[in-house]
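Number of protein chains: 2
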Amino acid sequence: MLLIGDELLSGQTQDSNLAHIAKRLQECGIRIGEARMVADNTDDILTALNHLRKRYDYVLTTGGIGPTHDDITADVIAQAFGVEISHNEEAVRRLEAQYTGSNYVLNESRLRMARIPHGARLIDNPVSGAPGFMLDNVVVMAGVPEIMRAMLEHAVSFLKGGTLEESRSVRVHLGEGDLAAPLRQLQEKWKNVRIGCYPSFSDGKPSGVRVVLRSNDTTALESAFKALLGVLREMSENVEILQRKE
Amino acid sequence: MLLIGDELLSGQTQDSNLAHIAKRLQECGIRIGEARMVADNTDDILTALNHLRKRYDYVLTTGGIGPTHDDITADVIAQAFGVEISHNEEAVRRLEAQYTGSNYVLNESRLRMARIPHGARLIDNPVSGAPGFMLDNVVVMAGVPEIMRAMLEHAVSFLKGGTLEESRSVRVHLGEGDLAAPLRQLQEKWKNVRIGCYPSFSDGKPSGVRVVLRSNDTTALESAFKALLGVLREMSENVEILQRKE
Chain L
321 MLLIGDELLS
331 GQTQDSNLAH
341 IAKRLQECGI
351 RIGEARMVAD
361 NTDDILTALN
371 HLRKRYDYVL
381 TTGGIGPTHD
391 DITADVIAQA
401 FGVEISHNEE
411 AVRRLEAQYT
421 GSNYVLNESR
431 LRMARIPHGA
441 RLIDNPVSGA
451 PGFMLDNVVV
461 MAGVPEIMRA
471 MLEHAVSFLK
481 GGTLEESRSV
491 RVHLGEGDLA
501 APLRQLQEKW
511 KNVRIGCYPS
521 FSDGKPSGVR
531 VVLRSNDTTA
541 LESAFKALLG
551 VLREMSENVE
561 ILQRKE
Chain G
321 MLLIGDELLS
331 GQTQDSNLAH
341 IAKRLQECGI
351 RIGEARMVAD
361 NTDDILTALN
371 HLRKRYDYVL
381 TTGGIGPTHD
391 DITADVIAQA
401 FGVEISHNEE
411 AVRRLEAQYT
421 GSNYVLNESR
431 LRMARIPHGA
441 RLIDNPVSGA
451 PGFMLDNVVV
461 MAGVPEIMRA
471 MLEHAVSFLK
481 GGTLEESRSV
491 RVHLGEGDLA
501 APLRQLQEKW
511 KNVRIGCYPS
521 FSDGKPSGVR
531 VVLRSNDTTA
541 LESAFKALLG
551 VLREMSENVE
561 ILQRKE
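Top line first, the protein sequences correspond to chains L and G. For reference, each letter of the first sequence is one residue, going 321 to 566 in our numbering. For reference, each letter of the second sequence is one residue, going 321 to 566 in our numbering.
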């Protein structure tokens with residue numbers, strides 16, 4: 321993931337796109353390997369993009385494809401791949417359709433949103449018309465969550481997923497440090513199950529932990545989870561199994 | 321920023337640390353240049369850390385310093401700097417003080433939290449005892465927001481800030497595309513003021529934009545803001561000046 325926008329780094333906007341995309345991609349059997357947040361700055365976007373697109377199967381970007389001066393993502397993508405960028409006929413047609421009969425004028429600034437790197441395919445935007453696009457292994461989406469979510473539903477149809485990963489999780493009123501040794505043993509036994517342990521605090525005091533097991537090997541997952549429950553129930557009377565999907 | 325933890329990339333946990341840290345650092349005249357989120361994986365942490373610590377004045381990390389098997393941050397930091405890591409006397413003393421009289425036992429797993437790379441200075445943790453640390457230009461904090469926030473208050477005393485950046489912002493019921501041309505002109509005129517434009521949507525329709533001006537040159541900021549207000553008031557009767565700090 322490459323999240324683009326000054327507002328994310330200034331703390332002015334709290335990103336919510338990453339979590340949504342992570343969950344949606346998991347349903348397709350795709351795991352996010354790394355996420356980067358950069359400012360609306362050509363060099364920063366270029367450096368991050370070139371690293372990520374070479375290292376991972378896909379890169380999904382959010383932000384920087386609106387009509388204003390700080391929206392430079394499409395141009396930087398074109399630059400990264402060394403292709404031309406210009407007004408895309410189909411994208412212009414979609415903007416015309418969107419603005420016909422609206423209170424807004426399809427001026428030159430708005431038409432900039434139809435500038436698409438050559439060779440890219442469009443990603444539908446049922447919310448505000450201006451499309452995203454996919455070029456090679458890079459998926460380019462809007463930053464506004466409502467628009468991003470709508471684009472993502474189309475974009476996932478372009479992506480090839482792997483095996484679905486499943487998770488099982490449990491909450492228990494023990495300290496993280498009490499669980500550390502048994503969890504380490506379980507992790508050593510079931511190497512293809514990823515075991516995470518997440519403490520919560522209230523009023524500055526530990527208020528229990530959530531243990532999450534993840535794997536795309538269902539048999540291993542169930543065995544590890546059974547073993548985990550056995551261990552936890554020996555340690556506490558208060559073991560709460562959480563919903564399968566969280 | 322380097323945010324460490326599988327749970328961030330799986331969408332299971334929604335990060336809120338970045339926005340808090342960004343705002344707090346701004347008060348010290350420090351701006352976040354880039355943020356990366358990586359899994360609890362030695363190679364990924366090492367690669368990101370080595371890049372960031374060479375490129376930026378400071379790197380702040382969150383996550384991976386608890387007592388469980390997936391808490392590997394301190395070890396990776398030691399590895400990155402090529403220094404030893406072992407139980408720090410002062411850190412052990414703090415943990416002993418924290419656990420004395422509590423319902424929890426200071427077992428071997430919890431004592432792991434007192435392992436600190438040699439040469440680092442400790443960062444206080446008034447919430448749960450186990451300290452963070454700063455080694456060279458790298459600040460290492462917990463991922464649990466309550467603990468991170470407490471640590472950050474101590475950590476900022478180690479950091480040297482720059483000129484304070486101020487912001488002015490305004491909300492107006494216009495389309496982003498209507499503002500694009502005048503904002504571009506303002507940006508060209510006031511090059512040391514960063515102008516951002518953030519649209520909001522409700523029910524799939526644009527519901528106005530927020531324009532934010534930022535600069536550490538107060539005179540330029542005020543002039544640009546005055547010019548912006550002039551432009552906006554010609555275009556709309558509905559211009560709302562927002563609080564100075566947001």
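Each residue gets a CB set at the ideal place from its N, CA and C atoms; glycine is no exception. A quick note: this is a predicted structure, and the numbers were derived from the prediction, not measured.
Query                                                                                                                        : Result
Contact with chain G by H407 of chain L, beta-carbon distance below 7 Å                                                      : no
Alpha-carbon to alpha-carbon, R435 of chain L and R413 of chain L                                                            : 12 Å
7 Å Cβ cutoff, V559 of chain G in contact with chain L                                                                       : no
Within chain L, partners of C348 of chain G - CB distance below 9 Å                                                          : The premise fails here: C348 of chain G is roughly 13 Å from chain L at the closest Cβ pair, so nothing lies under 9 Å.
7 Å Cβ cutoff, G383 of chain L in contact with chain G                                                                       : no
Under 9 Å by beta carbon: chain L residues contacting S336 of chain G                                                        : Q334
7 Å Cβ cutoff, D326 of chain G in contact with chain L                                                                       : yes
Option in G:V458, G:R488 and G:G463 with minimal Cα separation from L479 of chain G                                          : G:V458
G463 of chain L to H340 of chain L span [Cα, whole Å]                                                                        : 12 Å
Y419 of chain G, enclosing alpha helix (DSSP H) - first and last residue                                                     : E409 to Y419
Pairwise C-alpha distance: R488 of chain G and E496 of chain L                                                               : 44 Å
Min CB distance Q507 of chain L to chain G below 7 Å                                                                         : yes
Partners in chain L for R430 of chain G, counting only beta-carbon separations shorter than 7 Å                              : G497
Local conformation of T393 of chain L per DSSP, three classes                                                                : helix
Any C-beta of chain L under 7 Å from that of T388 of chain G                                                                 : yes
CB contact check: Y424 of chain G to chain A, cutoff 7 Å                                                                     : No chain A is present in this structure, whose protein chains are L and G.
Chain-ordered neighbours of P437 of chain G on chain L, where CB pairs are closer than 8 Å                                   : Within 8 Å Cβ-Cβ: nothing; P437 of chain G doesn't reach chain L, min ~20 Å.
Under 7 Å between C-beta atoms of M568 of chain L and M461 of chain L                                                        : Absent from the model: residue 568 of chain L. The displayed extent of chain L is 321 to 566, so no value can be given.
Backbone secondary structure at G495 of chain G - three-state DSSP                                                           : coil
Candidates G:P519, G:R375, G:M357 and G:H493, of which the one nearest E560 of chain G by Cα                                 : G:H493
Whole-angstrom distance between G516 of chain G and T382 of chain L, CA atom to CA atom                                      : 16 Å
Span of the beta strand (DSSP E), counted from its first residue to its last, around P519 of chain L                         : R514 to S522
Selection from L:L322, L:E347, L:R344 and L:S336 that minimises the alpha carbon distance to E354 of chain G                 : L:L322
CB-CB length for V490 of chain L against V425 of chain L, believed under 8 Å                                                 : Their Cβ separation, rounded to whole angstroms, is 56 Å, which puts V490 of chain L and V425 of chain L out of contact at 8 Å.
Closer than 7 Å at the beta carbon, the chain L residues around A342 of chain G                                              : L329, S330 and G331
Alpha-carbon spacing of M468 of chain G relative to N337 of chain G, whole angstroms                                         : 8 Å
Stretch-stretch touch, CB-based, cutoff 8 Å, three pairs: the segment 360–374 of chain L with the segment 502–520 of chain L : no
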